[in-house]
Amino acid sequence: AQLNQVRAGQGMPELQFGMALHIGDMVWGNVGTADRLDFTAIGPAVNLVSRLEGLCRPLGRSVLISGAVAAETTTPLVPLGEHQLRGIVRPCAVFSLPHG
């Protein structure tokens, strides 16, 4: 927010982004064949955090945090309710930072 205020004062456009935080099991590394090798991350946690990040724009928030992360932090968070995420069986408790 502060950076965007500085940018606005300089006549520059705002920087817009969305990111999500989640804790869970995943596998990461090189996947594929010798002639087509990709570095990737796969697993249920990767799918959940990807779907969660997709809610940033609809919820008007730059940072979204899963209930799993919220349960592990003492940082004050704003609850945004439970949301059904595509491909995820149970609704996900969603939180954000107080300022965005």
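Quick note, our numbering runs 4 ahead of the 1-based positions in the sequence shown. Positions of the beta carbon are idealized from the N, C-alpha and C atoms, including for glycine.
Express the C-alpha separation of residue j and residue i in angstroms, rounding to a whole number.
| i | j | result |
| --- | --- | --- |
| Ala74 | Leu81 | 7 Å |
| Thr77 | Ile46 | 25 Å |
| Arg11 | Val35 | 40 Å |
| Pro102 | Gly64 | 13 Å |
| Glu18 | Ala38 | 42 Å |
| Met16 | Ala24 | 26 Å |
| Gln88 | Phe21 | 22 Å |
Sorry if obvious, but does the Cβ on residue i come closer than 7 Å to a heavy atom of the ligand GDP?
| i | result |
| --- | --- |
| Leu41 | The ligand GDP is not among the ligands present in this structure, which contains no ligands whatsoever. |
What three-state label does DSSP hand residue i in the structure shown?
| i | result |
| --- | --- |
| Ser54 | helix |
| Arg40 | strand |
| Ala75 | coil |
| Val10 | helix |
Give me the DSSP bridge partner(s) of residue i.
| i | result |
| --- | --- |
| Met23 | Val67 |
| Ile46 | Val31 |
| Cys96 | His87 |
Is the separation between the beta-carbon of residue i and that of residue j shorter than 8 Å?
| i | j | result |
| --- | --- | --- |
| Leu51 | Gly91 | The sequence as given places Asn at residue 51; Leu does not occur at that position. Yes, the pair counts as a contact, with Cβ atoms nearer than the cut-off. |
| Cys96 | Ser70 | yes |
| Gly33 | Pro48 | no |
| Ser100 | Leu68 | yes |
| Val93 | Leu59 | no |
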